[in-house]
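*Asks:* Pasting a structure below so you can have a look.
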Amino acid sequence: MSEGKGVGGSERVSGGESAGGSGRVRVGLAVVAACGSAVGLYGVLRVAQAIVFPESDPAMVIWSEHAGFFWRVWTVGYIGGMVGILTWMAAGRDAARVARVLVRALPVAAGLLAAQAIFVP
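First residue of the sequence shown: 181, per this note's numbering; consecutive thereafter.
This is how it looks when you write it as structure tokens:
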């Protein structure tokens, strides 16, 4: 489809979607951004904690009041939720631009997690 003016003077993008994006598109982009940022941030946080706060060998410790994985997951989930809200707001202005950024950001997030899994298991 060609780009042009839509109903009410709003800009239209290829595919017939308005530039701001519908509610479903905005929510979808927000969920993708939240999950992708949480995945990438988990890899970064795990490496940072391994370097700054090396943990003892789990086989040597019977009980610990600090469960690192649990707190890392809660932390990145919380931050991912905040990124999702910001993405939802940004998608209201230009959903196509947000989608283009996410297409580039998701492989980076997956790469960060893969690197963490390889180098700091």
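Beta carbons: idealized from backbone N, C-alpha and C, even for Gly.
Since the structure is predicted, the reported quantities are computational estimates derived from the model, not experimental observations.
#1: Given that a residue counts as buried once 16 or more other Cβ atoms are within 10 Å of its Cβ, and exposed if not, what is arginine 206?
#2: Can you tell me which of the three DSSP states alanine 275 falls into?
#3: When DSSP labels each residue in this structure, what does valine 300 get in the three-state scheme?
#4: Measuring alpha carbon to alpha carbon, tell me which residue in Ser202, Gly216, Gly203 and Pro301 is nearest tyrosine 258.
#5: Quick one: Cα of leucine 225 to Cα of arginine 252, how far?
#6: Within a Cβ cutoff of 7 Å, which residues of the same chain sit near alanine 285, ignoring the five residues on either side of it in sequence?
#7: Is the beta carbon of alanine 289 less than 8 Å from the beta carbon of glycine 220?
*Replies:* Straight from the coordinates:
#1: Residue mapping note: residue 206 aligns to position 26 of the sequence shown, counting from 1. Buried, since its Cβ has 16 or more Cβ neighbours within 10 Å.
#2: For the purposes of this step, residue 275 is taken as residue 95 along the sequence shown, with counting starting at 1. Helix, per DSSP.
#3: Against the sequence shown, residue 300 aligns to sequence position 120. If DSSP states are grouped into helix, strand and coil, valine 300 belongs with coil.
#4: Sequence index remark: in the sequence shown, residue 258 carries index 78 (1-based). Considering only alpha carbons, the answer is Gly216.
#5: Locating residue 225 in the sequence shown gives position 45, where the first residue counts as 1. Locating residue 252 in the sequence shown gives position 72, where the first residue counts as 1. Going from the Cα of leucine 225 to the Cα of arginine 252 covers about 7 Å.
#6: Walking along the sequence shown from the start, residue 285 turns up at place 105. Contacts found: Gly216.
#7: As a working mapping, residue 289 is identified with position 109 in the sequence shown. As a working mapping, residue 220 is identified with position 40 in the sequence shown. Closer than 8 Å, so yes.
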